[in-house]
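A.B. asks: My questions will all concern the structure given below.
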Amino acid sequence: MDIIVDTFTQGSDGANSIKIDTSNKTHLFSEVIGIDSSVSYVWKTYVKVLNLNSEFGFYIDEYDVSGNWISGQWKGMISSGFDGVKTINYSPTSPSVVKVGLQYYNVGGGHNQIYLDSVELIKN
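For the sequence shown, my numbering begins at 2 and goes up steadily by one.
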């Protein structure tokens, strides 16, 4: 299995961590979150990389009031050995953006073992 709930305290909150352990192309999506397009946000995630041999990164999908996808923003990737809180600044691309989805992705092609925990999207 590529993505599982980890109960062995590898993340920052023990039994509530997500473990991504794969060589396959993989995506992990949050629920869609309501936002205010007139303010900026900070997306924080505790990330612990045990093994990284391909690209692992962050993306934000933007939606309108009807749930239609409007745009997306690539928010970078991490390097091997990262262990800490990844902080990403986010500003909506237009006033039409009222919902977002947070996305973690693995491009595949090399074995990655990564733990994610303590995800937050807060007004800046």
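The C-beta atom is built at its ideal place from N, Cα and C for all residues, glycine as well.
For SER72, I'd like the list of residues in its chain whose CB is within less than 6 Å of its CB, leaving aside the five on either flank, ordered along the chain.
C.D. replies: Excluding residues within five positions, the ones whose Cβ falls inside 6 Å are GLU63, THR94.
A.B. asks: Which value, in whole angstroms, describes the spacing of the CA atoms of PRO96 and VAL66?
C.D. replies: Taking the straight line from one Cα to the other gives about 11 Å.
A.B. asks: What is the DSSP secondary structure of ASN17, reduced to helix, strand or coil?
C.D. replies: Reduced to three states, the DSSP call for ASN17 is helix.
A.B. asks: Do you know how far the Cα of TYR42 is from the Cα of GLY58?
C.D. replies: Their backbone Cα atoms lie some 18 Å apart in a straight line.
A.B. asks: According to DSSP, is GLU63 helix, strand or coil?
C.D. replies: Three-state result, GLU63: strand.
A.B. asks: Going by DSSP in three states, GLU121 sits in which element: helix, strand or coil?
C.D. replies: In the structure shown, GLU121 sits in a strand (DSSP, three-state: E or B).
A.B. asks: Helix, strand or coil: how does DSSP classify PHE83 here?
C.D. replies: Residue state, collapsed to three classes: coil.
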